[in-house]
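Chemist: The numbering used here numbers the first residue of the sequence shown as 128 and each following residue consecutively.
Each residue gets a CB set at the ideal place from its N, CA and C atoms; glycine is no exception.
Nothing here was measured: the structure is a model prediction, and the numbers come from that model.
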Amino acid sequence: LADVLPRVMGDENKLQQVFLNLILNAQDAMPSGGWLTMTTAMRGVEVVATVADTGHGIGLEDVKRIYDPFFTTKRAGSSGTGLGLSITYGIIQEHSGHINVESSLGKGTSFLVRLLKASDAADEDSTLDSGLSKLSDAV
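1. Run through the region 138-203 for me and flag every whole alpha helix (DSSP H) of 4 or more residues, listed as ranges in chain order.
2. Rounded to whole angstroms, what's the CA-CA distance from S223 to I214? Just pull it up for me.
3. May I ask you to list the residues that DSSP assigns as paired with H225?
4. Using only the alpha-carbon positions, how far apart do T181 and S246 sit?
5. Helix or strand or just coil, what does DSSP make of G235?
6. For L128, collect the residues of the same chain with a Cβ closer than 6 Å to its Cβ; drop the 5 residues on either side in sequence, then sort them by chain order.
7. With DSSP run on the structure shown, which of helix, strand or coil describes S246?
8. Considering only the alpha carbon of each residue, which of S231, T177, G217, A153 lies closest to Y194?
9. Let's test the definition: count the other Cβ atoms within 10 Å of the Cβ of F197 and tell me whether it reaches 16, buried, or not, exposed.
10. Excluding the five sequence neighbours on either side, which residues of its own chain have a C-beta within less than 8 Å of the C-beta of G211, listed in chain order?
11. How many whole angstroms separate the CB atoms of A179 and T164, which I take to be in contact at a CB cut-off of 8 Å?
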């Protein structure tokens, strides 16, 4: 993770939920193990976070539907409800951000989350950096 990032304006708990959903999905995509990589960076006026895995990947037809409520590629009886990415997408939209996915079958998936940096007068309690730090302590 980047050593220094500006704050982003938002609900810390909701932003933690975004990254928890992405991490849990990555874990589920790698039942035999693999690599989970998280990166953060500043690009222009946006704070960018990437969550990438070396799991089984998502097919092109499924990528088009991953943010639809109740859509899941997980087997029946698994822990998936098909709501995680739908909720994640909604939270990112609430924060005037963007989420993009790139995936290759058999190679893995990468989610890119982009959030606008807060102005200098922003609430110091709501930051992407502190949200990720607290999340990493919990995982």
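Modeler: Put simply:
1. 139-155, 187-190
2. 14 Å
3. R241
4. Inter-residue distance for T181 and S246 is about 36 Å (C-alpha atoms, whole angstroms).
5. strand
6. T167
7. Here S246 sits in coil by DSSP.
8. G217
9. exposed
10. N148, L151, N152
11. 5 Å
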